[in-house]
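Position one of the sequence shown corresponds to residue 1144 (the numbering used here), numbered consecutively onward.
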Amino acid sequence: MTGLTLSDLPAHDYRVEAATQCREVAAGFEQNLTTPGVMVYQSDRLYGMLSRSSFVNHMAKGYNTEVYPKRAVQVMVDYLKPEALVLPAATPIMEAARQAIDRLAPHTYDPIVVDANGTLSLVDMHDLMKAVVGSMVA
């Protein structure tokens, strides 16, 4: 398994427009239980990325279950201010893992946004860690 890059790992492509209501984002997560996060776009550009856990945890807090469902997901991105780690698809998995774990908590285990010549997708940190461990024992 040596020589693996991010392009060799399973990719997820859950994306919505910034104006999409949070209830629609939640429904998308419910429809695809393996999606690690959502990429939020505005005018065909990445506006932000929310991990599944950040989204679900924020929605579950206090009055958020009443307030957020009708709000645009952009409001949540603006509030949480997640910093998406965007890496080229050709990035070796060891380098990607190093950069990912250097992120500040609570975003250490957020998905990585992978850029394959302008086409973005998400790689789950669990998949990345499995690949790293596999390459170490191979």
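Glycine included, C-beta positions come from ideal geometry on N, C-alpha and C.
- Query: If you compare alpha carbons, which of Val1199, His1155, Leu1147 is closest to Ile1255?
  - Reply: As a first step, residue 1255 is located in the sequence shown; it is residue number 112 there, counting from the start. Closest option to Ile1255, Cα to Cα, is His1155.
- Which of helix, strand or coil does DSSP assign to Asp1151? Working through the sequence shown from its first residue, we reach residue 1151 at position 8. It is helical.
- Touch check for the region 1216-1231 and the region 1243-1253: three-plus C-beta pairs under 8 Å? Judged by Cβ distances under 8 Å, the region 1216-1231 makes contact with the region 1243-1253, as three or more pairs qualify.
- Buried versus exposed, by CB contacts within 10 Å (16 or more), Ala1233: For the purposes of this step, residue 1233 is taken as the residue at position 90 of the sequence shown. Burial check for Ala1233: the Cβ neighbour count within 10 Å stays below 16, so the residue is exposed.
- Message: In chain order, what are the residue ranges of uninterrupted beta strand (DSSP E) at least 3 long that sit wholly in the region 1167-1219?
- Response: For the region 1167-1219, whole beta strand (DSSP E) runs of length 3 or above, ordered along the chain, are 1180-1185, 1188-1194.
- What is the DSSP secondary structure of Leu1223, counted as helix, strand or coil? Numbered from 1 along the sequence shown, position 80 holds the residue referred to as residue 1223. Reduced to three states, the DSSP call for Leu1223 is helix.
- Name the DSSP beta bridge partners of Ser1264, please? Along the sequence shown, read from residue 1 onward, the residue named residue 1264 stands at position 121. Residue pairing from DSSP places Ser1264 in a beta bridge opposite Val1257.
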